[in-house]
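Here's the structure we're looking at; comments come further down.
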DNA sequence: CTGAACCATTACAATTTTGTAATGACCCCG
DNA sequence: CGGGGTCATTACAAAATTGTAATGGTTCAG
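Chains as they are written, first to last, in this note's numbering: chain A, -7 to 219; chain B, -7 to 219.
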C-alpha cells in the first residue's frame, strides 16, 4: 500500500509520514504542490492525502488535473477548519473524504483504512459510462468531465435506466413503469419534467448533449449522430 | 434461459408460453399455484412470471415462501388493473417488476429481457448481509426476513456504514463524518435520531435485534451475544 | 439515594424532493 | 400560414426527508 502525502508544513508532513509508515504503509511525501502533482501523475499510489492550502498550487487544482487525466486514485483532503468553500469544491471534484485540521492521528488512520478498503474493490460491473459521463452504481455518484454531479434519487434512477439502455429509445411507458411505480394510465408530465431536471444537471453545461428527444417515441441517451 | 409461468387462466398461459418459446426461451407452465410453487422451489429458473390471482395460493404467497427459502430468482408479477394492494405487497416482498393485465406482449418481452439481463450479472461484491438482514448495494434494496424495507438515502447510508463495519463499535464522530458532511464540532443529536429511525424500520418488528448502543462509545451492528 | 451524563423518543420546523398545472415554443401536416 | 399535437419550461403545491429541540428514562458514580 503506497500513499502520497502533499503537505507544505513540514512539521505536519513529517508527523504524518512517520505515523503512516509505522502503521505499515509505504509513504512518499511532497512538500511542494507541484512536486506532489508530478508524482501523482507519474507514480501509482493507492491513496493521496492532499493539503488544500499550498503555496504554489492548491490541493483542488491538483485534484482537478488528476480527474481530468482519469486518474481515479482515492483522495483524502486536509482542509482548514471553517473553510467550507474548499471542502465543497473538493467534494464536487471527486475527493473521497476530508479531514479538518487539526485532527487526531487515529482519526486519519481510520479514514485512510476505509478509503483503501473501498478502493481495493476492483470496480466490477459497478460503473456505467458514456462519453465523459460516468455513473458509479455502488457509490451513487455521477461525474461529467470529472466534475461531481449531485442527483436526487429519482434523477439517479432515471439516468441509470437510460444508461443501461444507451442507444435505445425509451418510450414513456417504459420509463414510467421502471422509475415510477405506475403503469401509465395517467396523463402526467412527470417524466418530461424529470428529464428536464436531469438535462439541467447532466447536459446543460457540457458538450456533447447526451439526452435526446425522439418526437412521438420517447427519450434516448446516446452520443449525437456524426455529420 | 429457463422461465416458469404460473398462470391459471389457460388462454393467457398458453399465449405467453407460445410467445416466449418463439422468442427463444425454455418455458415451463404451471396452471395451479401449488404446482408452480413446487416447481419454483425445486427447479432452477432464470425468471418467474407469477399471476397474483390464483385459485389456490396467490402469487405473493409463493413469492414470500421463495424469499424465505432464499431463492433469489427475479420475479415478474402479473396483476389485475387497479389492484394496487397486490402490487404494493408484491414489490415489498421483493418482486422485481410487475405488469398490469391486459398488456401488450411486446411489453412483457421487454420486461423479461431486462430482468434477465439484470439477473445475469452474477452478484459481485454487491451485497452485504448479517443474520436475515440483507442490503443490495447496486439496487439500493434492503430486506429483512425476506421482506422489503424502504429506506431513505440517509438511512441507507447509515446502515451501509454499519454493515460494512459489523461487529465494530462506531463512534459518533466517525458516523458524523461518513454519513453527514460534518466533522463533529456541533452538538446535535441527528445521529441518535437517525439511529432511532433506522431501528424502527430494521429492528422493530424483528428478532434478533441487530443495532446496539454502547454507552459512551457509539453504536454497533452485530448479532447479540450468546447466553 | 441522588445527580449528572447519556441516550431514547417525540413533536415540530426547515429543507429538499417530487408532482401538478399552466403557458409558450416548436414541429409537422394540411 | 394556421392549427393540432408534442415537448420545454416555469411556477407553484404537495409530500417526503432531514434536522432541531424539548422532554423523559436509564445508568452509573459518588
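Ideal placement from N, C-alpha and C gives every residue a C-beta, glycine not left out.
These numbers come from a predicted model, not from an experiment.
Residue nearest to residue 16(A) within the set 33(A), 2(A), -7(A) is -7(A) (criterion: CA-CA distance). Residue pairing for residue 37(B): DSSP places it in no beta bridge. For residue 210(B), there is no enclosing alpha helix (DSSP H); the enclosing beta strand (DSSP E) covers residues 210 to 213.
For residue 103(B), a Cβ of chain A is located within less than 9 Å of the residue's own Cβ.
Between the stretch 19 to 26 of chain A and the stretch -3 to 8 of chain A, the count of Cβ pairs shorter than 8 Å is three or higher; the stretches touch. CA-CA distance, residue 24(A) to residue 1(A), rounds to 10 Å.
Secondary structure note for residue 182(A): it is in no beta strand (DSSP E), and the uninterrupted alpha helix (DSSP H) holding it is 182 to 194. Residue 60(A) is a Cβ neighbour of residue 138(A), given a cutoff of 9 Å. Proximity of chain A to residue 145(B) at the Cβ level (cut-off 7 Å) is accounted for by 145, in chain order. Counting only residues of its own chain and dropping the five nearest sequence neighbours on each side, residue 87(B) has a CB closer than 7 Å to the CB of 55, 67, 69. DSSP places residue 8(B) in the helix class (H, G or I) of the three-state scheme.
The beta carbon of residue 0(B) does not come within 9 Å of any beta carbon belonging to chain A, so the residue lies off that interface. Contact between residue 125(A) and residue 40(A) fails: their C-beta atoms lie close to 24 Å from each other, not under 8 Å.
Within 7 Å of the CB of residue 129(A), the CB atoms of chain B belong to 130, in sequence order along the chain. Per DSSP, reduced to three states, the secondary structure at residue 54(A) is helical.
Contact annotation: the stretch 140 to 151 of chain A does not touch the stretch 95 to 111 of chain A, with fewer than three C-beta pairs closer than 8 Å.
Excluding sequence positions up to five before and after residue 57(B), its CB lies within less than 8 Å of the CB of 29, 33, all in the same chain and listed in chain order. Linking residue 99(A) to residue 129(B) through their CA atoms gives a straight-line distance of about 26 Å.
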